[in-house]
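Engineer: Can you read through this structure? Questions will come right after.
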Amino acid sequence: MTKLLVKAFEEASKLPELEQNVLAKRLLDELTAEKNGKKHSQVFSLPILHCSHL
């Protein structure tokens with residue numbers, strides 16, 4: 014697991030349980046869509062260049 018993903022999960026673990034579940038569902042849905050070759054959501058389809066400052 015990358016350092017950035019570890020940091021994201023550490024931050025997510027600080028959220029209330031309901032928000033953690035919402036985030037987890039969105040991530041799992043996105044990964045499933047990617048695996049099945051379906052269209053991605055706007056949130057997770059941002060180019061990686063937008064994350065270069067992280």
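All residue numbers in the sequence shown are consecutive under the working numbering, ending with 67.
All C-beta atoms in this analysis are idealised placements derived from N, C-alpha and C, irrespective of residue type, glycine included.
Computed from a predicted model, the values in this text were never measured in an experiment.
Just how far apart, CA to CA, sit A46 and A37?
Structural biologist: 14 Å
Engineer: Return the Cβ separation of A10 and Q33 in integer angstroms, given the expectation that the two are a contact with Cβ distance under 8 Å.
Structural biologist: Residue 10 falls outside the range modelled here, since the chain spans only 14 to 67, and no answer is possible.
Engineer: I'd like to know whether the C-beta of V35 is nearer than 7 Å to at least one C-beta of chain B.
Structural biologist: Absence of chain B from the displayed structure is noted, only one protein chain being present.
Engineer: So L31 is in the alpha helix (DSSP H); what residue range does that whole segment cover?
Structural biologist: 30-48
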